[in-house]
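Novice:
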Amino acid sequence: MKLSEFKNECAVDVLADLLEPASAICSDAELVKAVREKQPILKIAQIALKKHQKDVVEVLAIINGVSVDKFECTPVSILNDLLGVLNDTELVEFFILQGRTRAESNSGSAMESTKEQER
87 MKLSEFKNEC AVDVLADLLE PASAICSDAE LVKAVREKQP ILKIAQIALK
137 KHQKDVVEVL AIINGVSVDK FECTPVSILN DLLGVLNDTE LVEFFILQGR
187 TRAESNSGSA MESTKEQER
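Per my numbering, the sequence shown starts with residue 87, numbered consecutively.
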């Protein structure tokens, strides 16, 4: 099932369930860099698959409407489903923005120290 097919309360439930695993994936610096550099979608998928296996499986299980322990997939179905998620540009950009914001807030204010050095 595609994310755009979820409507109303079901869409809210799916989005709530996706927040944690998608945020973990999209706060990955290497993945964010690949998206910002507009690297090929297969490269972005490779980064997600290599570095966030558990999160990817959780996202795909949620999208397919099954629990993680009942979710079954093949290499082809994983790639097909993941590419479907990654092709949802609006969703990916939202999560990457959230991940970047979270990472920046965890590292403190880099702007202040830079400004002080310029004076």
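For glycine and all other residues, C-beta sits at the position ideal for the given N, C-alpha and C. Fair warning: this is a prediction, and the values are worked out from it, not measured in the lab.
Check Phe-157 in the structure and name its three-state DSSP category.
Specialist: As a position in the sequence shown, residue 157 is number 71, starting the count at 1. Coil.
Novice: Report yes if the C-beta distance between Ile-127 and Leu-101 is below 8 Å; otherwise report no.
Specialist: Counted from its first residue, the sequence shown places residue 127 at position 41. Counted from its first residue, the sequence shown places residue 101 at position 15. No.
Novice: Leaving out the 5 sequence neighbours to the left and right, which residues in its chain are closer than 8 Å to Lys-124 when beta-carbon positions are compared?
Specialist: Reading the sequence shown from its first residue, position 38 is the one you call residue 124. Within the same chain, Lys-124 has no close Cβ partners at all.
Novice: What would DSSP say about Asn-166, mapped onto helix, strand or coil?
Specialist: Indexing the sequence shown from 1 puts residue 166 at position 80. In the structure shown, Asn-166 sits in a helix (DSSP, three-state: H, G or I).
Novice: Who are the Cβ neighbours of Asp-141 in its own chain at under 7 Å, not counting the five residues just before and after it?
Specialist: For the purposes of this step, residue 141 is identified with residue 55 of the sequence shown, where counting begins at 1. Answer for Asp-141: Pro-107, Ala-110 and Ile-111, listed in chain order.
Novice: To the nearest angstrom, how far is the alpha carbon of Leu-135 from that of Ile-164?
Specialist: Working through the sequence shown from its first residue, we reach residue 135 at position 49. Working through the sequence shown from its first residue, we reach residue 164 at position 78. Approximately 9 Å, taken between the alpha carbons.
Novice: Starting from Asp-103, trace the alpha helix (DSSP H) both ways and give me its first and last residue.
Specialist: For the purposes of this step, residue 103 is taken as residue 17 along the sequence shown, with counting starting at 1. It spans 94-112 - the alpha helix (DSSP H) in which Asp-103 sits, taken as one unbroken run.
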